[in-house]
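Visitor:
Chains as they are written, first to last, in the numbering used here: chain S, 1 to 311; chain V, 1001 to 1117.
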């Protein structure tokens, strides 16, 4: 049962607030969509921490993992409206030429995604050594916003500053971006690091994240999706829900569960355990989000995990 | 102008502020070097109630020295000495790490302050 847990876990957020656990399978957000009697719901997919270019014992199959994720998403019964990558697209390197090469290779691989709309943001591995220069050349702005079918999405960059700060200029931009929105507007924030102090001892925080949280608390329906910690995690600060995604390179241990934040050792019997992506379904009211955690474990070379179980 | 910084953190009466010369004579100084991707020493042993001054230097590039449990968050700049005074008032182990992203291996650049009774 434990093997299946990752791909069955499923969270429903009511009014961006209450959390209800259910279970599901890859693509079940699509099934719900087809059978859910709601004509105007939609879903998007979050991929995070792909670390393209990483080599090492925590994932001896690293050269294949990103492609497996692309194939898994492409195999969903219906395709998402868009796919968001919440940072650390590439693994860091001091070599500028190699950094650009990894970004080009990453783009070439994700170009195989069926979904044409893809949103990117940097992680510290992409941007902290050159303050986002290469990232911007390959992927565009590191912070921005967009609207999609009644939801306002804001992307916050908390990595281009190597000391993990958002900076006052970006906070001012965020304020000006959100200011026109009514207090009950549904807002989704994407960022790489946690905005709250999840585990500062492990560098799992944003130096001035409290400024962003203080600002966001002026709106009632805010949900933050982030990466960085390589595991599913759910937390609330006031009315704001924060959800970390699994990585697509190697899992990290639970916050402060051991002395060092070393990767969970690779298990050849379960080579993709702890790796996965997230489907987020948005209900017709725009105030109900359903989170579905999909695991790469059990995926073959092409297809996602075989469907079994109930939801 | 040499500076000291006084930090108050929980039951730690740790202090950083100005003018180190008057305290340097009576306080133990511990040299800590930073380089990609390690601190030397990685384990800093202190005795409860005995103040020390950490003298932080870097051998290559800018690094950070953050001990969040003690409210210490300092930068270590090339060519400079960063002094951090700690008066340990509580026994235990306190994790520190580099909080200036410095490359592949940055996540491993960490250590601990062990305060013994």
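Note that the Cβ used here is the ideal one computed from N, Cα and C, for glycine as well.
Among 207/S, 67/S and 264/S, which has the Cα closest to the Cα of residue 59/S?
Guide: Answer by Cα proximity: 264/S.
Visitor: Reducing DSSP to helix, strand and coil, say where residue 106/S ends up.
Guide: It is helical.
Visitor: I believe residue 77/S touches residue 43/S by the beta-carbon criterion, under 8 Å. Please report the beta-carbon distance rounded to the nearest angstrom.
Guide: That pair is no contact at about 11 Å.
Visitor: For the region 125-134 of chain S against the region 1062-1081 of chain V, are there 3 or more C-beta pairs whose distance is under 8 Å?
Guide: No: the two stretches stay apart, fewer than three of their Cβ pairs being nearer than 8 Å.
Visitor: So, for residue 1045/V: in the same chain, excluding its five sequence neighbours on each side, which residues have a beta-carbon less than 6 Å away from its beta-carbon?
Guide: Around residue 1045/V: 1114.
Visitor: Which residues in chain S sit within 8 Å of residue 1097/V, going by Cβ to Cβ distance?
Guide: Going along chain S in sequence order, the residues near residue 1097/V (Cβ under 8 Å) are 201, 202 and 203.
Visitor: Check whether the Cβ atoms of residue 1084/V and residue 1053/V sit closer than 8 Å, and answer yes or no.
Guide: Yes; because the gap between Cβ atoms is below 8 Å, this pair is in contact.
Visitor: Taking 8 Å as the CB-CB limit, is residue 129/S close to chain V?
Guide: Taking Cβ atoms only, chain V reaches closer than 8 Å to residue 129/S, which makes this a yes.
Visitor: If the cut is a Cβ gap below 7 Å, which residues of chain V does residue 260/S touch?
Guide: In chain order: 1110.
Visitor: Rounded to whole angstroms, what's the CA-CA distance from residue 240/S to residue 1026/V? Just pull it up for me.
Guide: Whole-angstrom Cα-Cα distance: 50 Å.
Visitor: Should residue 250/S go down as buried or exposed, given a rule of 16 or more other Cβ atoms within 10 Å for buried?
Guide: Classification of residue 250/S: buried, given that the 10 Å Cβ count is 16 or more.
Visitor: Taking 8 Å as the threshold (beta carbon to beta carbon), is residue 1035/V in contact with chain S?
Guide: No, its Cβ sits nowhere closer than 8 Å to a Cβ of chain S.
Visitor: I'd like to know if the region 213-226 of chain S and the region 257-272 of chain S are in contact, where contact means that at least 3 CB-CB pairs between them fall below 8 Å.
Guide: Taking 8 Å as the limit for Cβ pairs, the verdict is that the region 257-272 of chain S does not touch the region 213-226 of chain S.
Visitor: Tell me the residue span of the alpha helix (DSSP H) that contains residue 133/S.
Guide: Start and end: 133-139.
Visitor: I'd like to confirm the pairing. Which residues does DSSP put opposite residue 147/S in its beta bridges?
Guide: In the DSSP output, where bridge partners are listed per residue, residue 147/S has 152/S.
Visitor: State the CB to CB distance for the pair residue 229/S and residue 252/S, rounded to an integer number of angstroms; the pair is presumed to be in contact (CB under 8 Å).
Guide: Indeed they touch by this definition, with Cβ atoms about 6 Å apart.
Visitor: Using DSSP with H/G/I as helix, E/B as strand and the rest coil, what is residue 209/S?
Guide: Helix, per DSSP.
Visitor: For the beta strand (DSSP E) holding residue 171/S, just list the boundary residues, first then last.
Guide: From DSSP, residue 171/S is part of no beta strand (DSSP E) but of the alpha helix (DSSP H) over 168-178.
Visitor: Which residue wins for smallest C-alpha separation from residue 113/S, given the options 267/S, 85/S and 100/S?
Guide: Checked all of 267/S, 85/S and 100/S; the closest Cα to residue 113/S is 85/S.
Visitor: Looking at C-alpha atoms only, which residue of 1028/V, 1058/V, 1087/V and 1031/V is the closest neighbour of residue 1098/V?
Guide: Considering only alpha carbons, the answer is 1058/V.
Visitor: Excluding the 5 residues preceding and the 5 following residue 319/S in the sequence, name in chain order all residues of the same chain whose CB lies nearer than 8 Å to its CB.
Guide: The requested residue 319/S does not occur in the structure, where chain S is confined to residues 1 to 311.
Visitor: Grab me the residues of residue 40/S's own chain with a C-beta within less than 7 Å of its C-beta, minus the 5 sequence neighbours each way, in chain order.
Guide: For residue 40/S, where only same-chain residues beyond five positions count, the Cβ hits under 7 Å are 284.
Visitor: For residue 82/S, which option in 120/S, 202/S, 232/S and 92/S has the closest C-alpha, if you only look at C-alpha atoms?
Guide: Per the Cα distances, 120/S.
Visitor: When DSSP builds the beta bridges, which residues end up paired with residue 190/S?
Guide: 155/S and 225/S.
Visitor: To the nearest angstrom, how far is the alpha carbon of residue 246/S from that of residue 145/S?
Guide: Rounded to whole angstroms, residue 246/S to residue 145/S spans 23 Å at the Cα level.
Visitor: Return yes when the Cβ of residue 156/S is within less than 8 Å of the Cβ of residue 117/S, no when it is not.
Guide: Cβ distance not < 8 Å, so residue 117/S and residue 156/S don't count as in contact.
Visitor: Give the residues of chain S in contact with residue 1100/V, contact being defined as C-beta atoms less than 8 Å apart.
Guide: Going along chain S in sequence order, the residues near residue 1100/V (Cβ under 8 Å) are 162 and 163.
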